[in-house]
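Numbering (full-length UniProt numbering), first residue to last: 1 to 166. All C-beta atoms, glycine included, are put in the ideal place defined by N, C-alpha and C. Remarks on the structure that follows.
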C-alpha cells in the first residue's frame with residue numbers, strides 16, 4: 001500500500017487532461033470539457049502560474065488529482081484555497097486517496113496560514129457529498145453559484161465597453 005502526492009510536472013499534462021475528462025464523464029459534463037493539452041500546459045506551467053495541480057499515485061500508478069488556486073476572503077482578510085477539481089479514478093477509490101488529497105491541501109492552508117479551503121459539489125452527487133461531510137465540510141446551501149460564460153460573458157463585456165468603462 002503506497003500513496004504518493006506530488007506537484008504535477010509538464011510531462012503530466014496529458015495525464016491531467018485525461019483525469020479532467022474522467023471527471024467530466026463522471027459528472028455528465030463531457031460537453032463542457034474543451035480544455036486542450038496546450039491550454040493546461042500554459043496554465044499550470046507558466047512562469048507565474050495561477051492554478052496548481054497535485055497528482056496522487058497509488059503504487060506508482062496515477063490514481064487521481066486535485067486542481068486548485070488561491071482565493072481571497074475579504075471578510076477574513078486572508079487568502080485561501082479554492083479546490084476546482086478533485087477526482088480519484090474509479091479503480092482506486094476506497095483507499096483514502098481523496099481524503100489524502102484534501103488533507104494535503106488542508107496542510108498547505110495551515111502551513112501558509114490561509115483562511116479556508118473551499119470547493120463546490122453537484123447537488124446530485126450523494127457519494128461526494130457524504131465523503132465531504134465525513135471530512136468535516138459544511139455544505140453552504142444558502143449560497144448559490146453564479147457563472148458568466150460564452151455569449152453572456154461577451155455581452156456583458158460589450159456593455160462595459162459601450163458604457164465607457166475601462
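Kindly confirm or deny that the segment 73 to 83 and the segment 12 to 21 touch, where touching means at least three C-beta pairs closer than 8 Å.
no
Leaving out five residues before and five after residue 156 in sequence, what residues of the same chain have Cβ atoms less than 7 Å from its Cβ?
148
Mind pulling the beta strand (DSSP E) runs of 3 or more residues that sit fully within the UniProt domain "N-acetyltransferase" (3 to 159)?
3 to 7, 52 to 58, 61 to 73, 78 to 88 and 117 to 119
For residue 116, which of 137, 122 and 123 has the nearest alpha-carbon?
137
Pair within 8 Å by beta-carbon distance, residue 20 and residue 42:
no
Nearest to residue 17 (by Cα), restricted to the options 31, 109, 38 and 73:
38
Can we say the segment 57 to 69 touches the segment 87 to 101, given the rule of at least three CB pairs closer than 8 Å?
yes
CB of residue 67 within 8 Å of CB of residue 88, strictly
no
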